[in-house]
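Student:
Numbering (my numbering), first residue to last: 2 to 120.
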């Protein structure tokens, strides 16, 4: 029994990762207000539950306002929102010609991934 525990302890690896998160306090009309994102940057992408993204636009002392770039009906008060550390950007290049994409440049037309020349 002790040997099994020693083996388990030896194989254990703690993968701790710090994330900057906040809490949704209000959502409506495609706009969300959050608290707890004191160091958020203007135009920074934020990730809501369900892989819905938003972009921080209104930086106030206690709250951050963000435009939701996806299905806002899935976001509710009390949800956790994560900072991505990335400023909003979308892929560009000739490979986008004739493609159908969402506001973040992700393909919606089922023709596979987009090979952009820049972002």
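Even glycine gets a Cβ: it sits at the ideal position worked out from N, Cα and C.
Here the structure is a predicted model, which is why all the values come from computation and not from measurement.
Going along the chain, which residues of its own chain have a beta-carbon closer than 7 Å to the beta-carbon of residue 55, five neighbours each way excluded?
Tutor: Indexing the chain shown from 1 puts residue 55 at position 54. Once the five neighbours on either side are set aside, the close Cβ partners of residue 55 are 33, 47, 49, 67, 68, 69 and 70.
Student: Do three or more CB pairs link the region 25-40 to the region 96-106 at distances below 8 Å?
Tutor: Contact fails: fewer than three Cβ-Cβ distances are below 8 Å.
Student: Is the region 21-30 close to the region 81-90, with three or more CB pairs under 8 Å?
Tutor: Yes, they touch.
Student: Whole angstroms are fine: how far does the CA of residue 42 sit from the CA of residue 62?
Tutor: Counted from its first residue, the chain shown places residue 62 at position 61. Counted from its first residue, the chain shown places residue 42 at position 41. When rounded, the distance between both Cα atoms is 13 Å.
Student: Using DSSP bridges, identify the partner residues of residue 68.
Tutor: Here residue 68 refers to the residue found at position 67 when the chain shown is read from its first residue. Note: residue 68 sits in a beta bridge opposite 32 and 56.
Student: Determine the DSSP secondary structure at residue 9, reduced to helix, strand or coil.
Tutor: The residue given as residue 9 occupies position 8 in the chain shown. Note: residue 9 maps to helix in three-state DSSP.
Student: By how many angstroms is the C-alpha of residue 37 removed from the C-alpha of residue 60?
Tutor: Here residue 60 refers to the residue found at position 59 when the chain shown is read from its first residue. Here residue 37 refers to the residue found at position 36 when the chain shown is read from its first residue. Cα-Cα distance, rounded: 12 Å.
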